[in-house]
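So the structure is just underneath, and the comments pick up after that.
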Amino acid sequence: MDPERVAALVVEPVLGEGGFIPLSETYLREIREITAPQGILLIADEIQSGFGRTGRMWAVEHSGVVPDLITFAKSVAAGLPLSGVVGRAEVMDAPTCFAWWEGLNSPMRGGSCSRAGI
20 MDPERVAALV VEPVLGEGGF IPLSETYLRE IREITAPQGI LLIADEIQSG
70 FGRTGRMWAV EHSGVVPDLI TFAKSVAAGL PLSGVVGRAE VMDAPTCFAW
120 WEGLNSPMRG GSCSRAGI
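Numbering-wise (the working numbering), the sequence shown opens with residue 20 and increments by one.
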């Protein structure tokens, strides 16, 4: 596949629904070595494994890989329906949808951008 057609690669550092199997650290590092030079975002899905559940804040930390974005939920709010995304500033600051709405200070603007991307 042409790398120009790939926006991101999403990985679960610990496969949750498949029996809680961690990806090998070598595999994660090799993925990063492929995605970084191509400009492909690496997104770590830490919904089930993040927020201290593996002994580190994020499961991906065990490999030494620094993803562009990390998604998290579940353990972050002790059962409440809360989730989030953290990442590199240049990635988080990149969305420009609703730029015409620049003067308004609305919490809905960010949510609309994320829904538009999904």
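Glycine included, C-beta positions come from ideal geometry on N, C-alpha and C.
Residue i versus residue j - alpha carbon distance
i	j	result
Glu31	Tyr46	12 angstroms
Pro56	Pro22	10 angstroms
Ala96	Ile89	16 angstroms
Of the residues the options, the one placed nearest residue i, counting alpha carbons only
i	options	result
Val84	Gly37, Glu49, Ala27 and Ala26	Glu49
Gly38	Val105, Ile59, Ala27 and Gln67	Gln67
Glu109	Met20, Ala63 and Asp87	Asp87
Opposing strand residues paired with residue i [DSSP bridges]
i	result
Thr90	Asp64 and Val104
Pro41	Val33
Cut-off 8 angstroms between Cβ atoms - residues of its own chain near residue i, not counting five sequence neighbours on either side
i	result
Ala26	Ile59 and Leu60
Cβ neighbours of residue i in the same chain (closer than 6 angstroms, five flanking residues each side left out)
i	result
Ile40	Leu34
Ala113	none
Gly106	Asp87 and Leu88
DSSP state of residue i mapped onto helix, strand, coil
i	result
Val110	helix
Leu99	coil
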